[in-house]
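To start, the structure itself, in structure tokens.
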Amino acid sequence: MPSQWSTSLRNLAWNKEFIMKSYYIKDIFDKMEVGQIVEILGWVASKRNMGKIVFLDLADSTGKIQATVSKGIDSNIFLKARELAPESSVRVEGVVKKLRKSKEIEVKVIELICDASPHVVPQPRSSFDIFDKKLVDLILTKRHLYLRNERLMAVLKFRHKLIEIFREWFRKEGFIEIHAPILTQLPLYDDDTLFSLDFFGERIFLTQCVAFYLESAVCAFEKVYNINPSFRAEKSRGKRYLAEFWHIKAEIAFADFNDIIAFTEGMISYVIRRIRAESKDELKILKVDIEESRLTKTPYPRITYDEALNSLKAMNTIKEWGKSLSDMDVSSLSKAFDTPFWVTGNPRRIEAFPYKIDPSNTQLTKTADLIATEGFGELLGVAEKIWQRNELLERMKEKGKDSDERYRWYLELRQFGSIPHSGFGMGIERLIRWLLRLGHVRDAIPFPRLFRRHPNP
RNA sequence: UCCCCGGUAGCUCAACCGGUAGUAGCGGGUGGCUGUUAACCACUAGGUUGCAGGUUCGAGUCCUGCCCGGGGAGCCA
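In the numbering used here, each residue carries its 1-based index in the first sequence increased by 107.
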């Protein structure tokens, strides 16, 4: 039985069964005037029952607004409001009222769209700490419901904006986006770090890295990039590991080691400036300050692998030459810098086969890792690639891949009009974790895939 | 893969040297309160202690195996 309010409103705007919203809660604050009749489609964020008044915090994707239901107006509506479970979705009609310097809604009509009891605890839209270590298991188990949490939403909006800014940057710089396959025969690393599946009777893998395909595309387009997930079945439990992570990869033709370093520095400092300016709301919710002037001070300092080992030695950490730097090593090193910094020239022994050997010291590769500040670890890696067939073949022999038929086409790229090129790869979640100071990369992605955790939801 | 730690109410946790599970907080239910904002106050319900064995008169507690999680190492982006 529609009330007068309901019918009058529906005649105004909503004369159909399925309603697409034309304004959101944020618009009520920004654009609507006191006295205006509004309709809110959203959720009950929280509720406070008083004797003759109920306070509802109504939320939608854009924010929260307080709504009041007085017993005096209509006792049915009042009772309905009293019994609403937090998180229930509702349609509310009401009048915009002044509340000190802000606004609230005086409710005239409430329709329950979907009841949310029994309750989800803690309530996703309440202000509990979604990153509380005690709640890790619960939040991940109920991740599908906790996406409604304000702080998680802020992280995911930040992520969305960050990726948009990267795409803008690539576009500005004349790159084209290449959609590389996710199903592939080519592993970058060892077989025990691959997720395999059945491709019409043939064993293939989820990609670990799309660089092979970008290296084909770079020979045509000269500047190419790709953003998609990479998969690593590494049995890793650290704060920086996801079995499925979003990977930004780019290749540039006729660029060498120094070019790719300068290029990525420009990109990172651009992205930091833009994201800070464009995510003010999210940063405020997350109580994070991105120190732009400090973090964008390029060029970033460079130390060589040998220098890194010496610094570690000075800090009483003896590292055998030729081993890769651990998270802890890299974290100790970061104490000496207030910006990100490069570690250049990783030993050939520990690097993958496509990366160029340093002609001035053949034990080293033309690679570098960009290390974040404050112990947040490696952000990205750059490499000059091997572009000559013989050199590549020699490296593949070294890694036992030279007779592997699957790499034949990759070798062919070095045979038919090959060109020098360099590239970089970055895990998006690691960048987000650093910028937002998150405890774990799992909170930088909506549905994390983690070693020793069921992929559910 | 290795090393630590944990699994008790819907959630977070208590429970001494092994003695038969808590008036705990949050959440639920009932009642009260027109200005609260994670409202508050009173009362109340709620448990095959992860699973399977074992030791014991007796196991949440000790032992073995398994399952499920968390932290760290190694390895990577």
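Idealized CB from N, CA, C, for every residue including glycine.
Beyond the five residues adjoining it in sequence on each side, Phe265 comes within less than 6 Å, by CB distance, of Ser386, Glu389 in the same chain, given in chain order. Here Leu545 is buried. Its C-beta has 16 or more other C-beta atoms within 10 Å. Scanning Lys342, Ala490, Asn423 for the CA closest to the CA of Ala360 turns up Ala490.
DSSP places Leu254 in no alpha helix (DSSP H); its state is neither H nor E. The criterion of a C-beta distance shorter than 9 Å is not satisfied by Glu213 and Arg232.
In the DSSP assignment, Asn417 falls outside any beta strand (DSSP E) and lies within the alpha helix (DSSP H) extending over 412-421. Proximity of the segment 531-550 to the segment 339-359 meets the contact definition, three or more beta-carbon pairs being nearer than 8 Å. Counted as a single uninterrupted DSSP element, the beta strand (DSSP E) harbouring Tyr332 occupies residues 330-338. If you keep only unbroken alpha helix (DSSP H) runs of at least 4 residues inside the segment 439-505, you get 496-505.
When C-alpha distances from Phe444 are compared across Pro229, Leu402, Leu259, Tyr412, the shortest belongs to Leu402. At a Cβ-Cβ threshold of 9 Å, Lys204 and Phe136 do not count as neighbours.
Here Ile132 really is in contact with Gly149; their C-beta atoms are around 7 Å apart, less than 8 Å.
In this structure, the straight-line span from the alpha carbon of Phe448 to that of Leu191 is close to 53 Å. Under the 10 Å beta carbon count, Phe352 is surrounded by 16 or more other beta carbons and is classified as buried.
Between the segment 335-344 and the segment 295-313 there are three or more C-beta pairs closer than 8 Å, enough to call the two in contact. Glu398 and Arg380 do not touch by the CB rule: their CB atoms are close to 12 Å apart, not below 8 Å. A distance below 7 Å between beta-carbons, with the five flanking residues on each side excluded, links Leu321 to the following residues of its chain, in chain order: Ile285, Ala287, Val331, Asn333, Lys356, Glu358, Gly530.
When secondary structure is reduced to three states using DSSP, Ile135 falls in the helix class.
Annotation: the continuous beta strand (DSSP E) that includes Met533 extends over 528-534.
Following the DSSP letters along the chain, one finds Ala287 in no beta strand (DSSP E), marked with neither H nor E.
Per DSSP, the unbroken beta strand (DSSP E) holding Glu351 starts and ends at 351-360. Annotation for Glu372: Thr405, Pro406, Tyr407 place their beta carbon closer than 7 Å to its own, counting only its chain and skipping 5 residues before and after. In this structure, the beta-carbon distance from Lys463 to Trp428 does not fall below 9 Å. Nearest C-alpha to Ala551 among His561, Leu269, Gly452: Leu269.
When rounded, the separation of the alpha-carbon atoms in Ile237 and Arg250 is 11 Å. His226 counts as exposed, since fewer than 16 other beta carbons sit within 10 angstroms of its beta carbon. Ranked by how close their Cα comes to the Cα of Asp222, the residues Arg198, Leu477, Tyr412 have Arg198 in first place.
In the three-state reduction of the DSSP assignment, Thr424 falls in the coil class, being assigned neither a helical nor a strand state. If you ignore the 5 residues before and after Glu498, its C-beta comes within less than 8 Å of the C-beta of Lys463, Ile464, all in its own chain and listed in chain order. Looking at Arg278, Gly281, Phe306, the one whose alpha-carbon comes closest to that of Thr291 is Phe306.
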